[in-house]
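Data first, discussion second: the structure below is written as structure tokens.
This is the structure:
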């Protein structure tokens with residue numbers, strides 16, 4: 024009998040673990056009350072991290088903290104999965120509740136149906152592993168959010184004026200961000216290489232969260248700017264690498280970008296306002312408040328674009344060069360891509376063609392001639408700030 028009871032308990036525990044591993048949830052902070060599908064909303068979609076653990080989710084939570092501070096009237100929604108047995112209890116302690124929590128796998132269809140319930144989307148962001156063709160890993164291998172599917176295009180009418188999207192993940196700019204800027208008719212940012220996590224250090228700077236990439240192992244335990252513990256998502260952000268991607272999806276050596284790049288098919292002023300607004304959710308050394316000055320905004324814009332190193336010479340050089348460009352006397356063709364040229368891009372597109380099958384991708388017809396991509400991106404952000412000051416958020 025004891026063996027039978029033990030077997031039954033083991034079976035139940037295994038069943039719960041399997042159920043949890045396959046469940047996705049839609050979360051909201053208890054302080055915001057129940058979900059209101061007609062309220063202006065910021066959606067953070069964090070896929071299963073697998074080998075990354077909860078780092079994608081923590082990166083999403085960092086942006087949630089800033090949206091809560093800067094846009095208190097906006098509803099903040101987290102669509103994600105419980106990565107492990109500790110994930111749900113920790114989120115509950117942080118004030119999240121889960122009005123929707125089921126046993127379905129998170130993927131393109133299920134994720135889109137949840138997103139489509141919201142009628143006023145201000146921003147939509149994806150976090151996690153990303154394939155340049157198959158999209159964001161949503162719930163483990165085989166369950167991705169595939170941006171090519173027809174249901175994804177149907178989200179377009181749900182976006183409010185001034186909305187934007189960011190695909191925080193590897194190689195999301197070559198095709199995905201550019202295509203979505205047309206499908207959704209909003210500003211969309213993506214990357215042109217691998218992505219990695221940057222962590223707040225006790226010295227107040229962010230560094231790559233890898234061995235020997237920071238001055239010491241004395242990482243911050245709290246973000247004083249947010250007055251938030253790092254365990255609650257106040258100290259981790261997801262950003263592109265600065266050298267070419269060479270991995271599962273191919274070797275993309277050649278002209279590329281070392282920063283997230285926005286694409287937008289609207290008039291330039293509207294594009295710039297959306298781009299600038301996105302930085303009010305960016306976790307920086309001194310993150311923006313809605314009443315930020317021009318100097319404070321320009322500093323965060325530099326931090327958004329510039330590389331991060333243990334020795335900060337290149338970081339400071341990048342910030343100085345962008346400052347010179349702002350003053351109208353800098354070198355517009357600066358680049359901080361490592362060992363490759365900077366790809367030539369505009370707000371509309373880039374001079375490159377990526378083709379993929381389900382296993383590999385390759386890039387052809389790239390151009391880096393007279394590339395001023397990072398300089399122009401910085402100026403667009405500054406113009407966006409000025410426009411927001413005139414027109415409002």
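Numbering (our numbering), first residue to last: 24 to 416.
Just so you know, even glycine gets a beta-carbon here, dropped at the ideal spot from N, CA and C.
Per the coordinates, the alpha-carbon of residue 149 lies some 15 Å from the alpha-carbon of residue 139.
The C-beta distance from residue 123 to residue 175 rounds to 20 Å, too long to fall under 8 Å, and the pair is not in contact. Residue 401 carries a helical assignment under DSSP once its states are collapsed to helix, strand and coil. No alpha helix (DSSP H) of 4 residues or more sits fully in the region 361 to 398. Going by C-alpha positions, residue 158 is about 6 Å away from residue 170.
With at least 16 other beta carbons inside 10 angstroms of its own, residue 219 counts as buried. Scanning the region 47 to 119 from its first residue to its last, the whole alpha helix (DSSP H) runs of 4-plus residues come out as 78 to 93 and 110 to 116. Straight through space, the alpha carbons of residue 151 and residue 75 are spaced by roughly 8 Å. Note: residue 171 is not bridge-paired with any residue in the DSSP secondary-structure output. By the CB criterion at 8 Å, residue 192 and residue 153 fall inside the cutoff.
Under DSSP, residue 235 shares a beta bridge with no residue.
Where residue 134 is concerned, the enclosing alpha helix (DSSP H) starts and stops at 131 to 139.
It is roughly 42 Å from the alpha-carbon of residue 73 to the alpha-carbon of residue 347. Nearest to residue 284 by C-alpha distance, out of 275, 294 and 277, is 294. Within the model, the alpha-carbon separation for residue 135 versus residue 203 is close to 14 Å. For residue 284, the uninterrupted beta strand (DSSP E) run begins and ends at 284 to 286, by DSSP.
Beyond the five residues adjoining it in sequence on each side, residue 335 comes within less than 8 Å, by CB distance, of 228 in the same chain, given in chain order. Residue 317 counts as exposed, since fewer than 16 other beta carbons sit within 10 angstroms of its beta carbon.
Under the 10 Å beta carbon count, residue 165 is surrounded by fewer than 16 other beta carbons and is classified as exposed. Distance from residue 144 to residue 181 at the Cβ level is roughly 5 Å; contact confirmed, criterion being Cβ atoms closer than 8 Å. Residue 378 and residue 384 do touch by the CB rule: their CB atoms are close to 7 Å apart, below 8 Å.
Nearest C-alpha to residue 332 among 212, 221, 275 and 53: 221. Rounded to whole angstroms, the gap between the alpha carbons of residue 376 and residue 287 is 18 Å. Here residue 118 really is in contact with residue 54; their C-beta atoms are around 6 Å apart, less than 8 Å. Residue range 259 to 263 is occupied by the beta strand (DSSP E) that includes residue 261, with no alpha helix (DSSP H) assigned at that position. Three or more Cβ pairs closer than 8 Å define a contact, and the region 90 to 103 falls short of that threshold against the region 266 to 279. Secondary structure within the region 139 to 226: the alpha helix (DSSP H) runs of 4 or more consecutive residues, fully enclosed, are 173 to 176 and 199 to 206 (chain order). In this structure, the alpha-carbon of residue 108 lies about 47 Å from that of residue 344. Residue 127 counts as exposed, since fewer than 16 other C-beta atoms from the protein chains shown sit within 10 angstroms of its C-beta. Ranked by how close their Cα comes to the Cα of residue 314, the residues 300, 111, 367 and 306 have 300 in first place. Of all alpha-carbon atoms in 71, 90, 79 and 77, the one lying nearest the alpha-carbon of residue 51 is that of 90.
Where residue 346 is concerned, the enclosing alpha helix (DSSP H) starts and stops at 336 to 349.
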